[in-house]
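Read the structure below first, then the notes.
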Amino acid sequence: MNKCICNKLNVSSFLKFLLLWIQVPDIKWADIGGLEQTKRELQEMVRYPIEHRGLFEKFGMQASRGVLFYGPPGCGKTLMAKAIANESGANFISVKGPELLNMWFGGSEANVRDLFDKARAASPCILFFDEMDSIARSRGGGGGGGSSETSDRVINQILSEIDGIGGGKTLFVIGATNRPDILDPGIMRPGRLDQLIYIPLPDVESRVAIFKANLRKSPIADDITFEQLAEVTEGFSGADITEICQRSAKNAIRDSIAAGIERQKRVDDGELTQEEADALPDSVPFITRTHFEASMSKARRSVTPDVVKQYDDFTAKIKQQWSTTGSSDTQYSIDDAAEEQRREDSILEGESDGDTAVM
Ligand SMILES: Nc1ncnc2c1ncn2[C@@H]1O[C@H](COP(=O)(O)OP(=O)(O)OP(=O)(O)O)[C@@H](O)[C@H]1O
Ligand SMILES: [Mg+2]
Numbered sequence: 026m027n028k029c030i031c032n033k034l035n036v037s038s039f040l041k042f043l044l045l046w047i048q049v050p051d052i053k054w055a056d057i058g059g060l061e062q063t064k065r066e067l068q069e070m071v072r073y074p075i076e077h078r079g080l081f082e083k084f085g086m087q088a089s090r091g092v093l094f095y096g097p098p099g100c101g102k103t104l105m106a107k108a109i110a111n112e113s114g115a116n117f118i119s120v121k122g123p124e125l126l127n128m129w130f131g132g133s134e135a136n137v138r139d140l141f142d143k144a145r146a147a148s149p150c151i152l153f154f155d156e157m158d159s160i161a162r163s164r165g166g167g168g169g170g171g172s173s174e175t176s177d178r179v180i181n182q183i184l185s186e187i188d189g190i191g192g193g194k195t196l197f198v199i200g201a202t203n204r205p206d207i208l209d210p211g212i213m214r215p216g217r218l219d220q221l222i223y224i225p226l227p228d229v230e231s232r233v234a235i236f237k238a239n240l241r242k243s244p245i246a247d248d249i250t251f252e253q254l255a256e257v258t259e260g261f262s263g264a265d266i267t268e269i270c271q272r273s274a275k276n277a278i279r280d281s282i283a284a285g286i287e288r289q290k291r292v293d294d295g296e297l298t299q300e301e302a303d304a305l306p307d308s309v310p311f312i313t314r315t316h317f318e319a320s321m322s323k324a325r326r327s328v329t330p331d332v333v334k335q336y337d338d339f340t341a342k343i344k345q346q347w348s349t350t351g352s353s354d355t356q357y358s359i360d361d362a363a364e365e366q367r368r369e370d371s372i373l374e375g376e377s378d379g380d381t382a383v384m
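What follows is the structure, given as structure tokens:
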């Protein structure tokens, strides 16, 4: 019977079925260390249109259609997209770029339409394009995976679907990439994924928060603090820190198992009765400084300073291009701006008068 079904389903449509599984992920804000400002911005962007739809109508505004997360690998882009879906109670459809291209080789546009239809039907819904650079490389430049013609068609269809979002359905698109420099600029045009959010390597406070988030269910000894750990992990990504935590816990587990074997040996040798052995205090109740040190000795920074510089350069370029986006610390006043403009005009007038006099 099963064999029969498998034969009818080809591998590609089966994968497609799995991939389009609509879910609410189980990642919570508490699982993400740091990035407090990003969390706040995202909450406003995604939750407001869902929870305060009436206000958007009242003020004659359309909610933002989407954001693009960019930044070095392992710093929480995918995690953040999942958390916002969970916290806003929206449905979540996650599509990975490379899988999407391979699978949809052929009738691609129809499949993109299908994907957006499914997302609209599951409204409120977050449609997440992970590793977006592999589908949305600059058009005409060749796509990752499939032929360039296929990927161009896929991008065009995605762009036109994003343009068509509206019509009263709450659909929010999130893209994530660690190669924003090769992404098709059309994706980031106003009205599309026009909110660019940089998710950088964590600073010291974020690292404290990442250690806390990773170890919040783990018993930690008094001889080490999260602050000390954060201080010595400058340049480590969230994923690198997670690895340190996991390896430290594994060291403690290994020591616990060894202590248990040792205790049992003493019982077998007749040194202790089973009752006495069971009554002994736990010899490895915590993850200790030694466990962390053993883990740190093997730790590595997966993102090099050169790579960080490339992101900083990209961010500076974007800031220059979109100088009005992003928050400014100084208060803007229309009266002050008008005064400034008048001053500039009068200087220019003075200059042109001077030119005339010389002539
Ligand atoms: N801010 C963070 N707080 C807690 N854990 C984190 C954080 N950032 C990264 N991690 C850990 O690193 C792993 C990888 O993070 P994630 O998949 O979100 O990275 P990414 O930015 O999407 O990377 P890539 O660009 O490679 O897709 C997570 O599963 C988590 O264990
Ligand atoms: Mg990711």
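Residue numbers 26 to 384, in our numbering, belong to the letters of the sequence shown in order.
By construction, the Cβ of each residue, glycine as well, lies at the ideal position given by its N, Cα and C atoms.
Under the three-pair Cβ rule at 8 angstroms, the segment 190-208 counts as touching the segment 78-95. DSSP places Ser-273 in the uninterrupted alpha helix (DSSP H) bounded by 263-293. Residue side-chain check: Thr-103 places its Cβ nearer than 7 angstroms to a non-hydrogen atom of ligand 2. DSSP places Ile-109 inside the alpha helix (DSSP H), whose first and last residues are 102-113. Contact annotation: the segment 212-220 does not touch the segment 321-337, with fewer than three C-beta pairs closer than 8 angstroms. Distance from the Cα of Lys-107 is smallest, within the candidate group Ile-180, Gly-375 and Val-71, for Val-71. With a threshold of 7 angstroms, the Cβ atom of Glu-156 counts as near ligand 1, since some heavy atom of the ligand is closer than that. Nearest Cα to Gln-289 within the set Val-333, Ala-304, Ala-277 and Gly-189: Ala-304.
With respect to the C-alpha of Glu-134, the residue from Ser-176, Gly-122, Ser-159 and Val-120 having the closest C-alpha is Ser-176.
Here Leu-152 carries a strand assignment [DSSP, helix/strand/coil]. The beta-carbon distance between Leu-240 and Cys-270, rounded to whole angstroms, is 6 angstroms. This is short enough to meet the 8 angstroms contact definition.
Of the candidates Pro-306, Phe-154, Gln-62 and Lys-53, Lys-53 places its Cα closest to the Cα of Ser-113.
At least one heavy atom of ligand 1 lies closer than 7 angstroms to the C-beta of Thr-267. Secondary structure of Thr-202 (DSSP, three-state): strand. Under the three-state reduction of DSSP output, Ile-212 falls in the helix class.
Annotated three-state conformation of Tyr-357 is coil, per DSSP.
Between Ile-57 and Gly-101 a beta carbon distance of about 6 angstroms is seen, short of the 8 angstroms cut, so the two are scored as contacting.
Counting along the chain, Gln-220 sits inside the beta strand (DSSP E) bounded by residues 220-223.
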